[in-house]
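With numbering that gives the first Met the number 0 as the guide, the letters of the sequence shown map in order to residues 0 to 451.
As structure tokens, the structure follows; a few thoughts come after it.
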Amino acid sequence: MAENKKAKLSPRMWFNLIVFGLMGQIAWNVENMYFNTFLYNSVYTGASQQAVDGSINVMTAISLMVALSAATAVITTFIMGTLSDRMNKRKVFISVGYIAWGVVTGAFGFISRDNVQAITGISDSVKILTITVSTVIVMDCVMTFMGSTSNDSAFNAWVTDVTEESNRPFVETVLAVLPIAATGIVVGLGAVLTQMGYEKFFIILGALVSVCGIMGLFSLTDSKNGKKKDGNYFADLIYGFRPSVIKENGGLYLALAAMSIFGIAVQVFFPYIILYLQHVILPASGELLSVKNIVCVVIALVFILAAFLGLMKGAEKIGRTKVFIISGVLFCVGLFLMYFMKDIGMLLLAAAPMGAGYALLTILFSASIRDMTPEDRVGQFQGVRMIFAVLLPMVFGPMIGNIAIQNSAVTYINEYNVEAILPSSLMFLCASVVGLLLFIPVIALNKKGMKK
0 MAENKKAKLS
10 PRMWFNLIVF
20 GLMGQIAWNV
30 ENMYFNTFLY
40 NSVYTGASQQ
50 AVDGSINVMT
60 AISLMVALSA
70 ATAVITTFIM
80 GTLSDRMNKR
90 KVFISVGYIA
100 WGVVTGAFGF
110 ISRDNVQAIT
120 GISDSVKILT
130 ITVSTVIVMD
140 CVMTFMGSTS
150 NDSAFNAWVT
160 DVTEESNRPF
170 VETVLAVLPI
180 AATGIVVGLG
190 AVLTQMGYEK
200 FFIILGALVS
210 VCGIMGLFSL
220 TDSKNGKKKD
230 GNYFADLIYG
240 FRPSVIKENG
250 GLYLALAAMS
260 IFGIAVQVFF
270 PYIILYLQHV
280 ILPASGELLS
290 VKNIVCVVIA
300 LVFILAAFLG
310 LMKGAEKIGR
320 TKVFIISGVL
330 FCVGLFLMYF
340 MKDIGMLLLA
350 AAPMGAGYAL
360 LTILFSASIR
370 DMTPEDRVGQ
380 FQGVRMIFAV
390 LLPMVFGPMI
400 GNIAIQNSAV
410 TYINEYNVEA
420 ILPSSLMFLC
430 ASVVGLLLFI
440 PVIALNKKGM
450 KK
């Protein structure tokens, strides 16, 4: 009985887990989904053919922005994660970080070619477009610094601080649902607010994130179990790369490798998915609220829910490894089917197994990695986790996706009589192939005795 009481989280703790988890995911969704569309639909749209041809290709700009943002996230998490470990003050890093995160997000509403021209006095259209694109990329890195400080390093470490092995899978289940909820919120608000301009969209969502940070000044408390770390700060930064540490935590690094492959597969298509829906699928779908499309949505949701609940319940009996494999199969098969679908209804049906597999893999990887992370080195391992979870996926994934898009050579003439490139379904096929590779470390992990 004492063990159950110890594992129980207070209502206040759940409030902070859900609010900060949700708002963090909302902020990341704004960056991951709408900074790309902001470049494509706002910064590049309306530019002359000369400016577009003379500046960086839009898909390459998206790939570069994602990669640089990932590098910033990893460097930040190494430095700030280790610092939060040594100070044992997660609350300050989370609250102040969220406030600054929201402010920087709102600042994107004021980035435009017109404002760049007004500030610099430059008249050359190629230079204006290039400077505007560069400004977006630099500001994305600044935003990532704030987000990685507050969310990736401090909040993730705080979650590990306040949970334990017995309640961690359930907490991870809740946290894994939040990205889906955040995606729905951001897409829903984006559909409405972007019609009024990206300025309102970024300012409103940025304000929500900042308000969350202000609340945290009063609602968050640091874990009483944490202890301030001593020793050499710079030695701690490279702690996770020591051969002895890697050997001692072999299961953790196998899980990280599998998660990295999974992340690369996701990032092959994710940076381009909104553009693909906006400019390829929806124009070819006809009546969006047709009976067929509504039926497809219902079937997709039922399948995702049934697969999710069934496998989560089955995990108690068959173990994590088998659920990993089943989830990986669902993920890869769904992506393979999405390659062939050309309208929104059929695409949603194909996306159902992919979505179920994605959600389950996210939960399993997160819970397993938390379980295997040494409790006295949580902050230091956040940087290692970020290399596998963010840097490698967001460098190689968009690069593969960009190659697939460039080779498909799908273009159209937009309303400004400028030739524009479009994402293609080939990215789903490439993502499916990459996804198959995650079974190699998962099987190896099973041989090392993955916890049930």
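Every residue, glycine too, gets a C-beta built ideally from N, C-alpha and C.
For residue i, report the span of its alpha helix (DSSP H) as first-last.
i	result
Y275	I272 to Y275
A46	Taken as a continuous stretch (DSSP letters only), A46 belongs to no alpha helix (DSSP H), as it is neither H nor E.
Q194	Looking at the DSSP string, Q194 is not in any alpha helix (DSSP H), and its letter there is neither H nor E.
S62	V57 to M86
E247	P242 to E247
V328	R319 to M337
N406	L391 to S407
V18	P10 to N28
S424	Taken as a continuous stretch (DSSP letters only), S424 belongs to no alpha helix (DSSP H), as it is neither H nor E.
F144	S124 to G146
P282	Premise fails: P282 is in no alpha helix (DSSP H) and is neither H nor E.
M353	I343 to M371
Under DSSP, the beta strand (DSSP E) around residue i begins and ends at which residues?
i	result
T410	T410 to I412
E418	E418 to I420
Can you tell me whether residue i is buried or exposed, with buried defined as 16 or more other CB within 10 angstroms of its CB?
i	result
K451	Low per-residue confidence applies at K451: pLDDT is 39, beneath 50, and the placement is therefore not dependable, though the value from the model is reported in the following sentence. Exposed, since its Cβ has fewer than 16 Cβ neighbours within 10 Å.
Y266	Position check: residue 266 holds Gln in this sequence, whereas Tyr was assumed. With 16 or more other Cβ atoms within 10 Å, it is buried.
W13	exposed
N3	Low local confidence applies: a pLDDT of 45 at N3 is under 50, so the model's placement there is unreliable, with the coordinate-based value given in what follows. By the 10 Å Cβ count, N3 comes out exposed.
T361	buried
N406	exposed
P440	buried
Y507	What the structure shows of the chain is the stretch from 0 to 451, and residue 507 is not part of that stretch, so it cannot be assessed.
A117	exposed
N15	buried
V137	exposed
P422	buried
S424	buried
H278	buried
F339	exposed
L128	buried
R11	exposed
Residue j and residue i - do their beta-carbons sit closer together than 9 Å?
i	j	result
M195	I368	no
I280	K341	yes
G189	Y39	no
P270	G354	no
I203	L192	yes
I55	L67	no
I386	A351	no
N150	Y97	yes
M426	Y275	yes
V121	I110	Reading off the sequence shown, one finds Ile at residue 121, where the question assumed Val. No. Outside cutoff.
T104	E30	yes
I245	I399	no
V65	M393	yes
V135	F37	yes
I61	N35	yes
V383	G344	no
F453	G434	The displayed coordinates of the chain run from 0 to 451. Any statement about residue 453 would go beyond what the structure contains.
G333	A358	no
A430	F268	yes
Y43	V132	yes
A305	G356	no
Of the choices the options, whose alpha-carbon is the least far from that of residue i?
i	options	result
D221	N15, R89 and L16	R89
S83	G262, N155, V102 and I25	N155
L300	C331, F438, A264 and L346	L346
I428	F335, I61, V29 and S209	One detail in the question is off: residue 428 reads as Leu in this sequence, not Ile. The residue with the shortest Cα to Cα distance from L428 is F335.
I324	F364, F109 and V208	F364
L437	G212, G333 and G327	G327
F240	F380, A366, G105 and R112	F380
L251	N445, T36, S9 and P10	N445
F214	I404, G356 and S94	With the sequence shown as reference, residue 214 is identified as Met, and Phe is not the correct amino acid for it. For M214, the nearest C-alpha among the options comes from S94.
C211	W100, K321 and V115	W100
V102	D139, L304 and A69	D139
M371	L329, E164 and K199	E164
V186	G80, A26, Y43 and V332	A26
A366	L255, I303 and L390	L255
I179	Q24, P373, C331 and R11	Q24
T81	K7, S152, F169 and S124	S152
L391	T71, S9 and L8	T71
W157	S209, S243 and N87	N87
L253	I402, R85, I442 and P282	I442
Run the proximity test for residue i: is its beta-carbon closer than 8 Å to any non-hydrogen atom belonging to the ligand SAM?
i	result
L435	Absence of the ligand SAM is noted for the structure shown, with no ligands found whatsoever.
Q) Would the segment 74-88 and the segment 143-155 be scored as touching if the rule is three or more Cβ pairs under 8 Å? A) yes
Q: May I ask you to verify whether the segment 166-179 touches the segment 18-26, counting CB pairs closer than 8 Å and requiring at least 3?
A: yes
Q: Determine, using beta-carbon pairs with one atom in the segment 44-51 and one in the segment 406-420, whether at least three such pairs fall under 8 Å.
A: yes
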